[in-house]
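**Q**
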Amino acid sequence: MSDFMHWMYDHYIKPQIESQPKDDAESMWFDFLDNELYDEQKKGIQAALAFYAVQGFRLGVRTGLGLKDDLG
578 MSDFMHWMYD
588 HYIKPQIESQ
598 PKDDAESMWF
608 DFLDNELYDE
618 QKKGIQAALA
628 FYAVQGFRLG
638 VRTGLGLKDD
648 LG
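Here is the structure:
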């Protein structure tokens, strides 16, 4: 990831994701991961989540640009 995408993840994408409401089952899984994983495993999962979140964000931007004429 570029420095810009790291910045976007830390300052825009991650806060947006974390602000979404979670139901009881989703909260349970997050709590389970937080309580059961070692610190190195947590870092690995966070790195993977950051990668996929940034790729999803980039895909959304590219899709929006590609569909701009069709969307009005």
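Positions 578 to 649 (the numbering used here) are the ones given, in order, by the sequence shown. Ideal Cβ positions, reconstructed from N, Cα and C, are used throughout, including at glycine.
1) Could you pull out every residue in the same chain whose Cβ sits closer than 6 Å to the Cβ of Phe634, ignoring the five residues on either side in sequence?
2) Tell me whether the beta-carbon of Val631 lies closer than 7 Å to the beta-carbon of Met582.
3) Taking its Cβ as the centre, do 16 or more other Cβ atoms sit within 10 Å of Tyr586, making it buried, or is it exposed?
4) Alpha carbon to alpha carbon, how far is Tyr615 from Gly621? Give it in angstroms, no decimals.
5) Roughly how many angstroms separate the alpha carbons of Ser579 and Ala625, rounded to a whole number?
**A** A quick look at the data gives this:
1) On the sequence shown, residue 634 is found 57 positions in, with the first residue counted as 1. For Phe634, where only same-chain residues beyond five positions count, the Cβ hits under 6 Å are Ile590.
2) Along the sequence shown, one-based indexing puts residue 631 at 54. Along the sequence shown, one-based indexing puts residue 582 at 5. In contact: Val631 and Met582 (Cβ atoms closer than 7 Å).
3) Position 9 of the sequence shown, counting from 1, holds the residue named residue 586. With 16 or more Cβ atoms within 10 Å of its Cβ, Tyr586 is classed as buried.
4) Here residue 621 is taken as the residue at index 44 of the sequence shown, counted from 1. Here residue 615 is taken as the residue at index 38 of the sequence shown, counted from 1. Using only the alpha carbons, I get a separation of about 10 Å.
5) Indexing the sequence shown from 1 puts residue 579 at position 2. Indexing the sequence shown from 1 puts residue 625 at position 48. If I take the Cα positions, the gap works out to 15 Å.
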